[in-house]
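Here the sequence shown stands for residues 331 to 615, where the numbers follow this note's numbering.
Beneath this line is the structure, given in structure tokens, with notes to follow.
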Amino acid sequence: MSFEHLRDIYKAELSDAQFDRLGTLIMRETGIKMPPIKKVMVQARLKKRLRVLDMSSFDDYVNFVFSPEGQVSEVIHIFDAVSTNKTDFFREPVHFDFLKGQVLPEFLEKSNGGLLKVWSAACSSGEEPYTLGITINEFVRQHGGFDFMVHGTDISTLILKMANNGIFTHERVSPAVPDELLRRYFMRSKDDTKKTYRIVPELRQKMRFSRLNFMDDSYNLPEKYDVVFCRNVLIYFDRPTQEAVVSKICNYLKPGGYFFHGHSESLIGMNLPLKNVRPTVFRRI
Ligand SMILES: C[S@@+](CC[C@H](N)C(=O)[O-])C[C@H]1O[C@@H](n2cnc3c(N)ncnc32)[C@H](O)[C@@H]1O
């Protein structure tokens, strides 16, 4: 790529009208709110797409996005570019404590050796579903009694690929994952220069990852779940969208099953088949 081309990309600006067009598309397809304050972030992130596509202006880019070819091949990259994937191992730890202290003992008592099914909805790069897997496996190691599976879904195919690989840098796992769990559930890369860790195959085998867009009319999942984590994603949607999404999720939650949302989110005032059991934790009626 020539110096002139790189300079054009560096200078390229997304106009208000272009941002509006893209924002309307993003909101319609993903539910993610696109207030004007996000323009600078969108512009910066989409410059990477200009480079990949060898384009030097947002005029060319926006025209491409709305062309028949762009609608098929580019829209998915816009979602990857604008979504916030921030996540961590053991994020909002009280949820994992509640799981250990109440949800898992209850399941052990009534399950008769059954399979605990957990859904990490909007799982990002996998830290949340693997933390669920580690927490449940620790419980099962001590108490036995049942098997489990964790299904992670997200709109972003890029992020799902990372989740499926189960490879994390040293900074991602330390200090978030206690040493004992790090030794038990992560394999250090043999290449000493890399400093990466991979989730052990025994745990990866219990995971399943697939793409799911909350804006779809119905989620078409093959099963119902005992536990659903849907954390730190509702916050990007407006209230009617939040209510519609949680309502559809409830169709896949078993009666008595648990629903968790993030601590900066709220379902207060919504008409949902859920009973509040503690802040951010609900049971399916
Ligand atoms: C901030 S991350 C939250 C990750 C994890 N649940 C946690 O709490 O750490 C939000 C995730 O929601 C996903 N997301 C955004 N809009 C979505 C949609 N319409 N359908 C499904 N996932 C979506 C993003 O791709 C991103 O990975």
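Just so you know, even glycine gets a beta-carbon here, dropped at the ideal spot from N, CA and C.
None of these values were measured; they are calculated from a predicted model.
Inter-residue spacing [alpha-carbon to alpha-carbon] between residue i and residue j
i, j, result
"residue 604", "residue 350", "36 Å"
"residue 518", "residue 389", "46 Å"
"residue 281", "residue 336", "Look at the range of the chain in this structure, 331 to 615, and you will see that residue 281 is not part of it."
"residue 484", "residue 391", "25 Å"
"residue 488", "residue 560", "19 Å"
"residue 572", "residue 334", "45 Å"
"residue 429", "residue 514", "20 Å"
"residue 449", "residue 523", "35 Å"
"residue 612", "residue 579", "13 Å"
"residue 397", "residue 354", "16 Å"
"residue 574", "residue 468", "35 Å"
"residue 480", "residue 521", "29 Å"
"residue 511", "residue 606", "31 Å"
"residue 365", "residue 615", "35 Å"
"residue 542", "residue 486", "9 Å"
"residue 508", "residue 529", "14 Å"
"residue 459", "residue 563", "15 Å"
"residue 424", "residue 594", "14 Å"
"residue 556", "residue 598", "22 Å"
"residue 533", "residue 445", "15 Å"
"residue 443", "residue 545", "35 Å"
Residue i, buried or exposed, once every other Cβ within 10 Å from all chains shown has been counted against 16
i, result
"residue 382", "exposed"
"residue 471", "exposed"
"residue 527", "buried"
"residue 393", "exposed"
"residue 416", "exposed"
"residue 591", "buried"
"residue 422", "buried"
"residue 332", "exposed"
Own chain partners of residue i with C-beta closer than 6 Å, once the 5 adjacent residues on each side are dropped
i, result
"residue 576", "602"
"residue 539", "482, 490, 493 and 494"
"residue 406", "none"
Residue i beta carbon near ligand 1 (any heavy atom closer than 7 Å)
i, result
"residue 623", "What is shown of the chain runs 331 to 615, which leaves residue 623 out entirely."
"residue 542", "yes"
"residue 411", "no"
"residue 414", "yes"
"residue 493", "no"
"residue 408", "no"
"residue 580", "no"
"residue 486", "yes"
"residue 563", "yes"
"residue 465", "no"
"residue 534", "no"
"residue 379", "no"
"residue 566", "yes"
"residue 457", "yes"
"residue 361", "yes"
"residue 537", "no"
"residue 356", "no"
"residue 421", "yes"
Cut-off 7 Å between Cβ atoms - residues of its own chain near residue i, not counting five sequence neighbours on either side
i, result
"residue 506", "418, 419 and 420"
"residue 551", "582"
"residue 356", "362, 364, 408 and 412"
"residue 537", "459, 463, 480 and 482"
Test: residue i CB closer than 8 Å to a CB of chain B
i, result
"residue 495", "Looking at the structure shown, chain B is missing, and only one protein chain is on hand."
Residues of its chain near residue i, where Cβ-Cβ distance is below 8 Å and the 5 sequence neighbours each way are ignored
i, result
"residue 343", "373 and 388"
"residue 375", "411 and 412"
Near ligand 3: residue i beta-carbon under 7 Å from a heavy atom
i, result
"residue 452", "What this structure holds is ligand 1, not ligand 3."
**OP:** Would you check if there are 3 or more beta carbon pairs closer than 8 Å linking the segment 449–464 to the segment 490–497?
**Re:** With a cut-off of 8 Å, the segment 490–497 and the segment 449–464 count as touching, because enough Cβ pairs lie within range.
Original post:
Quick check: the segment 557–570 against the segment 352–363, are there 3 or more CB pairs under 8 Å?
Top reply: Segments in contact, yes.
Original post:
If we count Cβ pairs, one from each stretch, closer than 8 Å, do we get three or more for the segment 430–449 versus the segment 472–484?
Top reply: The segment 430–449 vs the segment 472–484: in contact.
**OP:** Check whether the segment 583–592 touches the segment 368–387, taking contact to mean three or more Cβ pairs, one atom from each stretch, closer than 8 Å.
**Re:** Contact annotation: the segment 583–592 does not touch the segment 368–387, with fewer than three C-beta pairs closer than 8 Å.
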